[in-house]
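> Residue numbers (our numbering), protein chains in the order written: chain G, 871 to 1205; chain H, 623 to 1152; chain X, 166 to 526.
All C-beta atoms, glycine included, are put in the ideal place defined by N, C-alpha and C.
Keep in mind that this is a model prediction, so the values were computed, not measured.
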Amino acid sequence: MVPLLFFVLSLAGLYFSGMSTGFVINEVMTRFVRDGVMVLALIIPIRAGMGLNFAVVVGAMCAQVGLILAVDYQLSGLSGLCFITLTGVMLSLLTGYLIGRCLNRVRGKEMITTIIIGFVGTGIYQLVFMAGYGTVITPGNPEMMLSRGIGIRNMVDLEMFRNILDTIWLVTVGDVDVPIFMIMVVILFAMIIGYLGKTPMGQTFKAVSQSNEKAMLNGIDTNRVRISAIMISTVLACFGHILYIQNIGMLNVYTAHLNTDIFSCAALLAGGASISKATIRHAFLGIILFHTLFIVSPQAGQNLFGNPALGEYFRSFVAYGTIAFALMMSSSRKT
Amino acid sequence: MLFDDGGKSMLELAGITKTFGRHKALSDVSLRVFPGEIHGIVGLNGSGKSTLLNIMSGSPVIQNTGGYEGQICIKGRPHRLGSPIDSLNAGIGMIHQELSLMDMMTIAENIKLGREHVFPMGRKLLGRSFARINPGKNKADAQKAFGRIGLTVNPDQRVLDLSASMKRFVEVAREIDKEALCVLLLDEPTASLNHLDSKRLMALLRDIAEKGMAVVFVSHRIDEVMMICQGITVLQGGSVRARFDAPMFDARKISHAMVGGHVIKVQRTHAPHHVRPILNLRNFSATAPGGCVGPVDLDVMDGEILGVTGLSGHGKSALASGIMGMHPWSGTVMFEGKKIDDLQPDHMVSKGLTLLPGNRRDSMLHDHSVMDNIVFTAVQSKKRFVRGFFAGKIGLSDKKKSRTYAGECVSQYHIHCRSIHQKAGELSGGNQQKVCLARALASRPRILFVNEPTRGIDVNAREVILALLLQVNEQKNTTIMITSGEMDELKRICHRIAVFYQGNCVGIFSPETDDQTFDRAFSGDVQGRE
Amino acid sequence: MIRRLTGLFQEMCKAVSKKVTLHIPVPQVCISLFLLLLFCVALRIDIPVSWLISDALIRLVMNGVLVLALVPMLKTGIGLNFGLPVGILAGLVGLCVAVNFRMTGLAGLFYAMVISIPIAALFGMIYAFILNRVKGREEITATFVGFSFVPLMNFFWAVAPFSNPSMLWPIGGQGMRPAIGLKRYFAKSLNSLGSFSLAGVTIPLGMILFFLALCFAVHLFFKTRLGQAMMATGENERFALISGIKIRNMRTIAIVMSTVIAALGICVYAQSYGFIELYDAPMMMAFPAVSAILVGGSLKEKTTLTHVILGTFLFQTIYSVSGPVANDLLIPEVAEIFRLMITNGVILAALLYEGGRHKKI
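#1: In the DSSP assignment, what are the bridge partners of T639 (chain H)?
#2: Sorted by chain position, which residues of the same chain lie with C-beta nearer than 6 angstroms to G340 (chain X)'s C-beta, five sequence neighbours on each side aside?
#3: Of all the CB atoms in chain X, is at least one closer than 7 angstroms to the CB of A1077 (chain G)?
#4: Excluding the 5 residues preceding and the 5 following H884 (chain H) in the sequence, name in chain order all residues of the same chain whose CB lies nearer than 8 angstroms to its CB.
#5: What do you get for S1050 (chain H), buried or exposed, if any count of 16 or more other CB atoms within 10 angstroms of its CB means buried?
#6: Within this structure, are the beta carbons of I1069 (chain H) and T1105 (chain H) separated by less than 7 angstroms?
#7: For F381 (chain X), count the other beta carbons within 10 Å of its own beta carbon; 16 or more makes it buried, fewer makes it exposed. Which is it?
#8: Can you find at least 3 beta carbon pairs, one from the region 1075 to 1086 of chain G and one from the region 881 to 901 of chain G, that sit closer than 8 angstroms?
#9: With a threshold of 7 angstroms between beta-carbons, can E519 (chain X) be considered close to chain H, or not?
#10: Can you give me the start and stop residues for the alpha helix (DSSP H) that Y885 (chain G) sits inside?
#11: Answer yes or no: does any C-beta atom of chain X fall closer than 7 angstroms to that of A1013 (chain H)?
#12: Pull up the CB-CB distance for S423 (chain X) and A234 (chain X), whole angstroms please, since I reckon it's below 8 angstroms.
#13: Taking only beta-carbon atoms, is D984 (chain H) less than 7 angstroms away from chain X?
#14: Confirm, please, whether the CB-CB distance from N732 (chain H) to M724 (chain H) is below 7 angstroms.
#15: For a contact meaning CB atoms closer than 7 angstroms, what does Q1054 (chain H) contact in chain X?
#16: Going by other Cβ atoms of all chains shown within 10 Å of its Cβ, with 16 needed for buried, is T1205 (chain G) buried or exposed?
#17: Under a CB-based cut-off of 7 angstroms, is M920 (chain G) close to chain H?
#18: Just tell me which of H:I830, H:E1074 and H:Q1138 has its CA closest to the CA of R770 (chain H).
#19: Under 7 angstroms, Cβ to Cβ, is there at least one residue of chain H near G1067 (chain G)?
#20: For the structure I just gave you, are there three or more beta carbon pairs, one from the region 446 to 463 of chain X and one from the region 215 to 225 of chain X, closer than 8 angstroms?
#21: Distance, Cα to Cα, G860 (chain H) vs I502 (chain X)?
#22: I need the DSSP call for N816 (chain H), collapsed to helix, strand or coil.
#23: Per DSSP, which residues does Y1123 (chain H) bridge with? Please list them.
#24: Take the Cβ of Q1002 (chain H) as the centre, count every other Cβ of all protein chains shown within 10 Å, and call the residue buried at 16 or more, exposed below.
#25: Hey, does Q934 (chain G) have any beta-carbon neighbour from chain H nearer than 7 angstroms?
#26: Mapping DSSP to helix, strand and coil, what is G974 (chain H)?
#27: Using the three-state DSSP reduction, which class does G1018 (chain G) fall into: helix, strand or coil?
#28: Among H:V840, H:V997 and H:G1052, which has the Cα closest to the Cα of E1030 (chain H)?
#29: Around the C-beta of D1141 (chain H), are 16 or more other C-beta atoms found within 10 angstroms, so that it is buried, or is it exposed?
#30: Start and end of the alpha helix (DSSP H) containing F381 (chain X)?
#31: Hey, how far is the Cα of F312 (chain X) from the Cα of I253 (chain X)?
#32: Any contact between the region 950 to 965 of chain G and the region 1013 to 1027 of chain G? By contact I mean 3 or more CB pairs, one from each, below 8 angstroms.
#33: Quick one: which chain H residues come within Cβ less than 8 angstroms of G311 (chain X)?
#34: Where do the N-terminal and C-terminal ends of the alpha helix (DSSP H) with K1023 (chain H) fall, by residue?
#35: What are the boundary residues of the beta strand (DSSP E) that includes T855 (chain H)?
#36: Grouping DSSP H, G and I as helix and E and B as strand, with all else coil, what is G1014 (chain H)?
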């Protein structure tokens, strides 16, 4: 029902905004590449019965740490990208493990805990890069520092990484640019998640999500399974964010990662997923529907009410409201 | 202390002891099961059967509460069972009382859960956890396991759609599939099975045992236990009460050993003739988490003490809480001649029905004072001890009246506490129960449902509580329905005793009926008058 | 001989520590010590003590009412009210109406509060309807209901028919400003009520009395029959059910109460701050309040008013003292980050601690 609602709203918004279909399709495709893997990252914790993992924002921050370090050491090109990926993944594994340990302590309250973990993570991240650089950590690349000498600048340009991957196999069909390589990368990740479901690990996820006690009766170490789920999710989030950043071409050091969790969750839910069940189909459908609505709302607001801000409020409400609605609709959880 | 038998036994328990906090669940339990033997363990709820099985299956519950003492040997080799994996490796398989199947998974998936076959290439590259499952081999294994049971199945069928008995068979198949299995534990395996399927399961167990396995069979159905076991151990209060060997099985002796004996002191002397029913149940059923009851046709007479008994899980406790509206129910309930359409707890309380649950955790506010507990229900539902403001909606509690009443209760019921302001949770079990009873009586109920009034209470306190119940009934003509497994207590104070088996009322007897009839009624063996 | 002495000494220490821990739990001791440390540092860098104390007192009441709003839902077993924005938005509507009709002084503040109450009650009923459907997941649902309410109200702020030009955008004349100054209306009206100076420290007596009166009212409420029923619901729900209490109604009352007190809380806050902040400002306001009550030692159903007052005091004082200290020692933005970390760190620690406690049982 939810996807249908989104579909109707998107169509209405498209009509009222007067935007060209070609433009919208282009934008949606770009966002598909940018946000695709991040939304996919949310699927695994849902499969393991842990609900929405708002702590994917931590995975995003790990990617950003890798990026900043790369800029700091002035690495560029493909080797730079590899460095970022490697650092990001290692950090994600570590943080994912810690988050998993935390969540095992708070069974039944995972979702609220992941939100708070996200906030705490943001705080630590900001502290390190705003106050740590220039005081405790000596920067290797003075260009990226603020003029006063302490803290990294708000915007870091990524010209050395821009367009490495984006332009591979770029095909133009009429108005629309189709980045085939990047789309295939996203599909590759989707296939990985699909494959995971057919492994013994995937079976344990299913078991743990159905019933913790029964899984334990079957000899499954539920703590380990849940930690694995979160670690995988965080690593995927890291990958997803790397794709996002390199697509944008510029890094907003202190704000790029904010709200990735909310919008990704909303997108997944828009595709018809629920707190306890999410598939790849939900993810893909959701991204298309959610982002279409996202793109057309401000212009539709302008045309309908003469105030683009109204369109923005509408889409914020839709994002948060979808999550609240999904929470309401889910049946109450058994401990 | 190991048995001296030259190491021939398959399973050997020696000196098993387990305490949960202050409560000793098992003390010095020893057991010996030979290959090919089916050994039965019987006992009342709380006698330690489940704990013993949990220890043997490496349950994390045991680990997280301090582990166990004693020694467990399989085939003569001692094993330390600290986790389910340990038990698995030791060759112990367990079929739990609660179904442990994943409903949304298929039969094959359930049987191979945790031990799935994977493609070797995947295993070499990515490790076992991340290798691709070989569904074909899994299904073949599932079919083979079922073949040994003598059934054919579609391994792709979801467990959710199976009948209760099929689910049990899947569990058995799962255990059989484990290669190293040499001891099979079963906890109430026939609880949800009908007669035919129980027979089938037991035939299967005989087969398995004949192939050299040792089987431990825990059940409440004494007739079944007597039918297939070669040896029976009776647990009572955490220790081994008696041991019987085939063919000298005597149902009466076994029941007797299960229940144990008590000091008899209180006895009902007043024997009035009750004619008017105050509560009528027609076709009444209720589904509680611990068991279902019904359909039941029952009349509770005004002013009588009715005992409701039966073995655990056979529905006796669901009756009272079902009537109070705490569980999904169906049928007809009539109170004082009027049909009740909406069975809600607050509704029933306001009509004058009160429940004292068997679980003291649910029937008290542990961090509140004795006084607060005693007056609570009366304050809420009957507005006693309250000074009203704003048309009685917002009422400030009348401390003076509460204090006086609480004081009276304390002396009348001999509640041992430092003062009425002491926290209720600090009192001993018996005194807590007295506080609960005082609370229930403060709201001046018409019918009082009491579940397990004397569970976990020492002998003297038990007598006081029974005397109180008698007193309340005699002086205030309160109808009381007592649900209890303590047969002899019920015999002493009830006017009539209803026995339940598998959710149905097998018969209503007078307390003077002989033990043998009762024992048989407990095992569902009697067609009594309704 | 020595062994006996050490044994005796150990016994003494055990006895003393038993007594001490009974009164003040360890986390609060740590936080108090930390506060003391901050104070000393502040003194070292020449921030006047009198200003610190005045500021602390004002902040205590300013934020205290919002923290008090958390109590009804905690005691009834619903958990932490992360959806405070719902009540806050109701209060903001009341404030705007008051400003719209150009009410000034204490009467204006009173007017704003009175208007907020029915609006908060209405919002609260909707909020309660939603929360009653999600037993077991109240806290996360509350968070998102709160978050969703904000953009919904943003709509309202953008199109609302208010007429006072000082509230509206200067250009175009439609749509509220994000921040509305209260200097000409009732800014600091409660703050200055009965306020006097004592050794250089300004003590806002009226404000403190108002806050204490509100606390006392809540305290009294939980001693009534209804309040006792609500507490029982929080402490032992099955017991409450058996005792004939209508659980759903209790929860609804608690949620509505919480929302109404939150509306009053934002009125007190805004008049003290001097500005009505609209649009996205209320979105994150629940977290400092939640953090404050946790700092005070609240443990779900066992929340008392001491937790509210102590917690708000400790939390807000750390906030106010850390500001100038951080700005002086480090760079200005660090203060904000620092505050965010304390707020969320406390909530995370409380979640983990409570989860660990449940596991042991």
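Working from what's here:
#1: Counting from 1 along the second sequence, the entry for residue 639 (chain H) is found at position 17. Per DSSP, H:E691.
#2: As a working mapping, residue 340 (chain X) is identified with position 175 in the third sequence. Counting only Cβ-Cβ distances below 6 angstroms, and skipping sequence neighbours, we find A323 and W334.
#3: The sequence position of residue 1077 (chain G) within the first sequence is 207, counting from 1. With respect to chain X, the C-beta atom of A1077 (chain G) has no partner C-beta closer than 7 angstroms.
#4: Locating residue 884 (chain H) in the second sequence gives position 262, counting from the first residue. The predicted position of H884 (chain H) is uncertain, since its pLDDT is 45 and thus under 50; a value taken from the coordinates is nonetheless stated next. Apart from sequence neighbours up to five positions away, the residues of its chain that approach H884 (chain H) with a beta-carbon distance below 8 angstroms are V1081, R1084, E1108, D1110 and E1111, ordered along the chain.
#5: Counted from its first residue, the second sequence places residue 1050 (chain H) at position 428. It counts as exposed.
#6: Locating residue 1069 (chain H) in the second sequence gives position 447, counting from the first residue. Locating residue 1105 (chain H) in the second sequence gives position 483, counting from the first residue. In this structure, T1105 (chain H) does not lie closer than 7 angstroms to I1069 (chain H) by Cβ.
#7: Start at 1 with the first residue of the third sequence, and residue 381 (chain X) comes out as number 216. Flag for F381 (chain X) reads exposed.
#8: A contact between stretches requires three or more CB pairs, one per stretch, nearer than 8 angstroms, and the region 1075 to 1086 of chain G fails this requirement with the region 881 to 901 of chain G.
#9: By one-based count along the third sequence, residue 519 (chain X) stands at place 354. Not one chain H Cβ lies under 7 angstroms of E519 (chain X).
#10: To locate residue 885 (chain G), count along the first sequence from 1; it is residue 15. It spans V872 to S887 - the alpha helix (DSSP H) in which Y885 (chain G) sits, taken as one unbroken run.
#11: On the second sequence, position 391 is the one that residue 1013 (chain H) refers to. Because A1013 (chain H) sits at a pLDDT of 47, beneath the cut-off of 50, its placement in the model cannot be relied upon, and the following sentence gives the value as read from the coordinates. No, no contact with chain X.
#12: Taking the third sequence and counting its residues from 1, one reaches residue 423 (chain X) at position 258. Taking the third sequence and counting its residues from 1, one reaches residue 234 (chain X) at position 69. Their Cβ separation, rounded to whole angstroms, is 5 angstroms, which keeps S423 (chain X) and A234 (chain X) in contact under 8 angstroms.
#13: Sequence index remark: in the second sequence, residue 984 (chain H) carries index 362 (1-based). Yes, its Cβ sits closer than 7 angstroms to a Cβ of chain X.
#14: By one-based count along the second sequence, residue 724 (chain H) stands at place 102. By one-based count along the second sequence, residue 732 (chain H) stands at place 110. Result yes, Cβ atoms of M724 (chain H) and N732 (chain H) sit closer than 7 angstroms.
#15: Working through the second sequence from its first residue, we reach residue 1054 (chain H) at position 432. Near Q1054 (chain H) there are no residues of chain X at all, since even the closest Cβ is about 13 angstroms away, more than 7 angstroms.
#16: Here residue 1205 (chain G) is taken as the residue at index 335 of the first sequence, counted from 1. Note on T1205 (chain G): pLDDT 30, under 50, position unreliable in the model; the coordinate value appears next. Within 10 angstroms of the beta-carbon of T1205 (chain G) lie fewer than 16 other beta-carbons, which makes it exposed.
#17: Translated into the one-based positions of the first sequence, residue 920 (chain G) becomes position 50. It does not; no Cβ of chain H falls within 7 angstroms.
#18: Counting from 1 along the second sequence, the entry for residue 770 (chain H) is found at position 148. That would be H:I830, whose Cα lies nearest to the Cα of R770 (chain H).
#19: Against the first sequence, residue 1067 (chain G) aligns to sequence position 197. For G1067 (chain G), no CB of chain H lies under 7 angstroms from its own CB, so it is not counted at the interface with that chain.
#20: Output reads no: the region 215 to 225 of chain X does not touch the region 446 to 463 of chain X.
#21: By 1-based counting over the second sequence, the position of residue 860 (chain H) is 238. By 1-based counting over the third sequence, the position of residue 502 (chain X) is 337. Whole-angstrom Cα-Cα distance: 58 angstroms.
#22: The residue labelled residue 816 (chain H) in the question sits at position 194 within the second sequence. N816 (chain H) falls in the coil class under three-state DSSP.
#23: Here residue 1123 (chain H) is taken as the residue at index 501 of the second sequence, counted from 1. Its beta-bridge partners are H:N1126.
#24: The residue labelled residue 1002 (chain H) in the question sits at position 380 within the second sequence. Residue environment: Q1002 (chain H) is assigned as buried (16 or more neighbouring CB atoms within 10 Å of its CB, all protein chains considered).
#25: Here residue 934 (chain G) refers to the residue found at position 64 when the first sequence is read from its first residue. No - not a single Cβ of chain H is within 7 angstroms of the one on Q934 (chain G).
#26: The residue labelled residue 974 (chain H) in the question sits at position 352 within the second sequence. In the structure shown, G974 (chain H) falls within a coil segment according to DSSP collapsed to helix, strand and coil.
#27: To locate residue 1018 (chain G), count along the first sequence from 1; it is residue 148. Sequence check: residue 1018 (chain G) is Arg here, not Gly. R1018 (chain G): coil per DSSP, three-state reduction.
#28: By 1-based counting over the second sequence, the position of residue 1030 (chain H) is 408. Looking at the Cα atoms, H:V997 is the closest of the given residues.
#29: Residue numbering aside, residue 1141 (chain H) sits at position 519 when the second sequence is read from its first letter. Result: buried.
#30: Within the third sequence, residue 381 (chain X) is the residue found at index 216, counting from 1. From DSSP, the alpha helix (DSSP H) with F381 (chain X) extends over L370 to F386.
#31: Your numbering for residue 312 (chain X) matches position 147 in the third sequence. Your numbering for residue 253 (chain X) matches position 88 in the third sequence. Whole-angstrom Cα-Cα distance: 12 angstroms.
#32: Counting C-beta pairs with one atom in each stretch, the region 950 to 965 of chain G and the region 1013 to 1027 of chain G have fewer than three that are closer than 8 angstroms, which means they do not touch.
#33: Translated into positions along the third sequence, residue 311 (chain X) becomes position 146. Under the 8 angstroms cutoff, chain H gives no residues; its nearest Cβ is about 29 angstroms from G311 (chain X).
#34: On the second sequence, position 401 is the one that residue 1023 (chain H) refers to. Taken as a continuous stretch (DSSP letters only), the alpha helix (DSSP H) holding K1023 (chain H) covers K1021 to Q1034.
#35: For the purposes of this step, residue 855 (chain H) is taken as residue 233 along the second sequence, with counting starting at 1. G853 to Q858 is the extent of the beta strand (DSSP E) around T855 (chain H).
#36: The residue given as residue 1014 (chain H) occupies position 392 in the second sequence. Note that G1014 (chain H) has pLDDT 49, beneath the 50 cutoff, so the model's placement of it is unreliable and no number is given.
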